[in-house]
DNA sequence: CTACTTGCAAATCGTTTGCAAACAT
DNA sequence: ATGTTTGCAAACGATTTGCAAGTAG
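Chains as they are written, first to last, in the working numbering: chain A, 78 to 236; chain B, 78 to 236.
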């Protein structure tokens, strides 16, 4: 955690940005809630517990800044708010998500599943791949025994 | 085109919805602009050329209805507006997108690339897959010769 | 010092909604 | 007739922005 913050402080300094208390509080909230996919407002509510004067706009600005630096990824699960996700330390690729249509949970997959697929796309379409986004909509392992799989209506993922 | 409209008329009737002139105009605009990924407002501007009295709210309601019926998919390329995409006729899976970070073009891939990957996910995570979303960010075949690939900055896809 | 940051409130912008009128069957 | 659909304008909610004051390095 501390080393992680320290590393980010460096990254900020390299671009002559400062690690203000508000930014640090925001980062700590995000680090304490990895895998939770918080929205800007949710982050803000938690940040205010550490630094009560912090404004929502500042949190938005911090999140935007971290996205630009490649520290965070923005993700959109179609519920009307952008959510923020730490990019894997190796910074290689965006990770994948399993979105449960029953309970709404979003699990992460950190394995890179797309090696061969990327090769195929790259060759077939002459497309130089820089990044990808992959998510699956379905029934998670927690719900799978509680639903009749034939009953689960064709999902119309909100997005 | 006409058969496609006719089929959708049937689908609507099965759910006791009507194919009104506004809905038909909206569908025609979408059919005439497949692969264009129009936003609601862009659709509306085109619809008004066919049926000038049509309101933007009606277009939104039509697009939402079509999504619920599984005729359209909503897609979000992170530019602030939801865009609409005809679901492949076989209605099997959402198709994939190649998003060019240079020129912004979005190409579609209709092949299903994920057969094996889905099997792996399904087994490994005990996740019953209903649908998926996959997109690649990179440099398209039109731009690939005009850019130094090492120059292309690490992309921070807006989403 | 002084450029970078912040908080606040107002502004934006895509999308949704209430409602009375118009319409389809 | 009767339930659906529409257009309009107002409401909404997430995000952004202008600006004067505050602060990190």
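Note that CB positions come from ideal geometry on N, CA and C, so glycine has one too.
Note that the structure is a prediction, hence the values are computed from the model and not measured.
Beta-carbon proximity of residue i to residue j, cut-off 8 Å
{"i": "residue 209 of chain B", "j": "residue 191 of chain B", "result": "yes"}
{"i": "residue 71 of chain A", "j": "residue 148 of chain A", "result": "With chain A represented from 78 up to 236, any question about residue 71 of chain A goes unanswered, as that position is not in the structure."}
{"i": "residue 161 of chain A", "j": "residue 140 of chain A", "result": "yes"}
{"i": "residue 112 of chain B", "j": "residue 179 of chain B", "result": "no"}
{"i": "residue 188 of chain B", "j": "residue 206 of chain B", "result": "no"}
{"i": "residue 135 of chain A", "j": "residue 99 of chain A", "result": "yes"}
{"i": "residue 236 of chain B", "j": "residue 155 of chain B", "result": "yes"}
{"i": "residue 123 of chain A", "j": "residue 106 of chain A", "result": "yes"}
{"i": "residue 137 of chain B", "j": "residue 158 of chain B", "result": "no"}
{"i": "residue 216 of chain B", "j": "residue 114 of chain B", "result": "no"}
{"i": "residue 120 of chain A", "j": "residue 213 of chain B", "result": "no"}
{"i": "residue 211 of chain B", "j": "residue 104 of chain A", "result": "no"}
{"i": "residue 101 of chain A", "j": "residue 82 of chain A", "result": "yes"}
Per-residue burial, residue i [other beta carbons within 10 Å of its own, 16 or more giving buried]
{"i": "residue 93 of chain A", "result": "exposed"}
{"i": "residue 225 of chain A", "result": "exposed"}
{"i": "residue 150 of chain B", "result": "buried"}
{"i": "residue 153 of chain A", "result": "buried"}
{"i": "residue 203 of chain A", "result": "exposed"}
{"i": "residue 143 of chain B", "result": "buried"}
{"i": "residue 164 of chain B", "result": "buried"}
For residue i, the three-state DSSP class (helix, strand or coil)
{"i": "residue 202 of chain B", "result": "helix"}
{"i": "residue 116 of chain A", "result": "strand"}
{"i": "residue 90 of chain A", "result": "helix"}
{"i": "residue 191 of chain B", "result": "coil"}
{"i": "residue 138 of chain A", "result": "helix"}
{"i": "residue 207 of chain A", "result": "strand"}
{"i": "residue 229 of chain A", "result": "coil"}
{"i": "residue 106 of chain A", "result": "helix"}
{"i": "residue 123 of chain A", "result": "helix"}
{"i": "residue 133 of chain A", "result": "helix"}
{"i": "residue 82 of chain B", "result": "helix"}
{"i": "residue 111 of chain B", "result": "coil"}
{"i": "residue 236 of chain A", "result": "coil"}
{"i": "residue 197 of chain B", "result": "helix"}
Bridge partner(s) assigned by DSSP for residue i
{"i": "residue 149 of chain B", "result": "B:163"}
{"i": "residue 183 of chain A", "result": "A:176"}
{"i": "residue 215 of chain B", "result": "A:206 and B:177"}
Distance cut-off 7 Å: residue i Cβ against heavy atoms of the ligand GTP
{"i": "residue 155 of chain A", "result": "Ligands are entirely absent from the displayed structure, and the ligand GTP is therefore not among its contents."}
> When Cβ atoms are compared, which residues of the region 209-222 of chain A fall closer than 8 Å to chain B?
Replying inline: 209, 210, 211, 212, 213, 214, 215, 216, 217, 218 and 221
> When Cβ atoms are compared, which residues of the region 197-209 of chain B fall closer than 9 Å to chain A?
Replying inline: 197, 198, 199, 201, 202, 203, 204, 205, 206, 207, 208 and 209
>> What are the residues in the region 92-103 of chain B lying within 9 Å of chain A by C-beta distance?
In response: none
>> Please list, in chain order, the residues of the region 128-156 of chain A that have any C-beta partner in chain B closer than 9 Å.
In response: 144, 145, 146, 147, 150, 151, 152, 153 and 155
> In chain order, what residues of the region 111-130 of chain B put their CB closer than 8 Å to some CB of chain A?
Replying inline: none
>> Residues of the region 178-193 of chain A in Cβ contact with chain B at a cutoff of 9 Å, in chain order, please.
In response: 178, 184, 186, 188, 190, 191 and 193
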